[in-house]
Amino acid sequence: MAGDRQEGNCVPVRNERERARPIKEVEAEELIQGICFKNGPPRRTGVELEWLLHDPDDPLCPVGPERLAPAVAEVRALPLRSTVTTEPGGQLELSSPPSPSLDDCITVVDSDLALVRGVLKGHGLVLTGHGHDLWRAPRRVLTEPRYAAMETYFDRFGSAGRSMMCSTASVQVCVDGGDDTDGPHGYRFRWRLAHLLGPVLVAAFANSPLAGGRPTGWKSTRQRVWASLDPARTLAPAPAADPRTAWASYALDAPVLCVRADGTDWTAPAGLTFRDWLRGRGPRPATEDDLRYHLTTLFPPVRPRGHLELRMIDAQPGEDGWIVPLAVTTALLDDPTSAGLALRALQPLVGDTDTPERAPRHPLWRAAARHGPAHPPLRDAAVACFAAAGEALARRGASAAVRSAVVSFVDRYVSQGRCPADDLLDTVPRKDIGS
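If you want the working numbering, it's the position in the sequence shown, counting the first as 1, plus 17.
Dropping the structure here:
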């Protein structure tokens, strides 16, 4: 969500020279809290949409850089309000500007997507909404030093890193962090509720049951991939009274993914944390710019970036499938009444799964990824949360089209204990399910 406002406990704007100077550990902790938790009442909404790109006539065909580059260049030349980036496997991401309302956000992104689809059609490409590529093996097409270093880093933990980088796509909902109060608009409450909502959002919107054209045994293969990655940068921080201090510790204790340099080799020394780097154990002194860059390489389910970025939702089918998770998540976090109802619905799930494991390795998150809302406790919580969201959308004046889309999703999926993944599984021969 671009263009975050600077207020509350934010850090002052610094010039290029100041950001390039070495920093100390205490200063780094203060910077992290100011950069990642900007205090203010919840007012704005944003969304980041990742899409897989395919040739509609041959979905098994890899889309190589020689085909991707001219298409993306033409897309970036469009008069878009959203920011366009590409992921290592060629996935296209649109990041909306922060919008004053849900409907405004949807209008902007919907208009931008129409333009993007038109350009891609001219290149024989389409945007596809799946949480994990259904057919193709991971294949990195971006060659920038960051992605080469990222691949080297994640390869230390197995093959899941390449799948995450090249084969996954998501709907990332962005909401304001909140103010410094203890109520539903406060950042402590919103941080906790976002994490409690995570398993319900994973389950309800699971949409990645296949890989290599065959069932994986998981409704959200994307979440299974994320749960297999380096825990030091992909798990949620440990629960704490103040998420700002917990996040600062988490960020400093996370290993460095890459060290930017003049050449093409950005590989970081194995095991070097950012705290180690600040204490003089890195290849050169760490700067504020290094810290800011390091924060972009942390991938927990809820990431504070001034706003809160909820990263657990699979990319959705259809041209406008992304609207329902955006609407439901925003309503549950930004409407105080629905936030309280959601918290009451989610609280029993916490009591039933007392474990030191953190998301996305927590047993409840794993159940959500494997079973979707067919898991009875998650289905019950999802029904309650979606009902609360529907009431909030009506109170907050969401358009009839948005409210209708949410009702249709509930009728088709949530109330039936189904999710979009089940539609894909329905197309698979029964002999292949469970193989």
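All C-beta atoms in this analysis are idealised placements derived from N, C-alpha and C, irrespective of residue type, glycine included.
In three-state terms, what does DSSP make of residue i?
| i | result |
| --- | --- |
| Q189 | strand |
| R93 | helix |
| T262 | helix |
| H149 | strand |
| D453 | The chain is shown only over 18 to 452; residue 453 falls outside these bounds and no answer can be derived. |
| D196 | strand |
| V423 | helix |
| R328 | strand |
| L77 | coil |
| G323 | strand |
| G203 | strand |
| R413 | coil |
| R387 | helix |
| E374 | coil |
| R163 | helix |
| T290 | strand |
| V345 | helix |
| S225 | strand |
| C402 | helix |
| T169 | helix |
| T100 | strand |
| P380 | helix |
| R239 | helix |
| C183 | helix |
| R156 | coil |
| P272 | strand |
| R277 | coil |
| T251 | helix |
| T284 | strand |
| P256 | coil |
Taking only beta-carbon atoms, is residue i less than 8 Å away from chain C?
| i | result |
| --- | --- |
| T145 | Absence of chain C from the displayed structure is noted, only one protein chain being present. |
Who are the Cβ neighbours of residue i in its own chain at under 6 Å, not counting the five residues just before and after it?
| i | result |
| --- | --- |
| D371 | Annotation note: pLDDT 49 at D371 (below 50); position unreliable, no value reported. |
| E35 | none |
| Q189 | E65, E326, R328 |
| L358 | A405 |
| L95 | L132 |
| T102 | E110 |
| D247 | F174 |
| P342 | V188, F222, I330 |
| A391 | G434 |
| R241 | W235, A386 |
| W208 | P260 |
Under 8 Å Cβ to Cβ from residue i, same chain only, skipping five residues before and after it: list those, please.
| i | result |
| --- | --- |
| A255 | A263, Y267, R375 |
| A257 | A263 |
| V125 | R98, S99, S113, P114, S116 |
| T281 | P162, A165 |
| D21 | For D21, the predicted model reports a pLDDT of 44, less than 50, meaning its position is unreliable; a value from the coordinates is still stated below. Cβ within range, chain order: K55, P115, R322, G323, H324. |
| D440 | P334 |
| L77 | W152, R153 |
| R378 | A244, P248, L252 |
| V89 | V101, T103, L109 |
| G203 | G195, D196, D197 |
| V182 | It is worth fixing the name first, because residue 182 is Met in this sequence and not Val. Excluding residues within five positions, the ones whose Cβ falls inside 8 Å are E104, P105, G106, P155, R157, Y164, M167, E168, F171. |
Less than 8 Å between the beta carbons of residue i and residue j, yes or no?
| i | j | result |
| --- | --- | --- |
| R292 | E42 | yes |
| V423 | A344 | yes |
| P73 | V158 | no |
| R398 | L363 | Checking the displayed sequence, the identity of residue 398 turns out to be Ala instead of Arg. In this structure, L363 lies closer than 8 Å to A398 by Cβ. |
| R156 | G106 | yes |
| A415 | D120 | yes |
| L70 | L130 | no |
| L289 | P272 | yes |
| G57 | D196 | yes |
| A45 | L269 | yes |
| R383 | A177 | no |
| G389 | A220 | yes |
| T233 | L274 | no |
| G15 | R420 | The requested residue 15 does not occur in the structure, where the chain is confined to residues 18 to 452. |
| V80 | A211 | no |
Once the 5 residues before and after residue i are set aside, which same chain residues still bring their CB inside 7 Å of it?
| i | result |
| --- | --- |
| D352 | A409, R412, R413 |
| V192 | P59, T62, H324, L325, T347, L350, D351 |
| E91 | V136 |
Do three or more CB pairs link the segment 227-245 to the segment 158-168 at distances below 8 Å?
Here the segment 227-245 does not lie against the segment 158-168, with fewer than 3 beta-carbon pairs under 8 Å apart.
Across the segment 222-231 and the segment 328-335, are there enough close Cβ pairs to call them in contact, namely three or more that are closer than 8 Å?
A contact exists between the segment 222-231 and the segment 328-335.
Does the segment 208-218 come into contact with the segment 299-310, if we say contact requires no fewer than three beta-carbon pairs (one atom in each stretch) closer than 8 Å?
Cβ pair count under 8 Å is below three, so no.
Are three or more beta carbon pairs between the segment 334-348 and the segment 150-162 nearer than 8 Å?
Under the three-pair Cβ rule at 8 Å, the segment 334-348 does not count as touching the segment 150-162.
Of all the alpha helix (DSSP H) runs that stay within the bounds of the segment 107-146, which reach a length of 4 or more residues?
Entirely contained in the segment 107-146, the alpha helix (DSSP H) runs reaching 4 residues are, in chain order, 119-139.
Restricting to runs no shorter than 3 residues, where is the beta strand (DSSP E) found entirely within the segment 36-78?
Listed in chain order, the complete beta strand (DSSP E) runs (minimum 3 residues) inside the segment 36-78 are 62-71.
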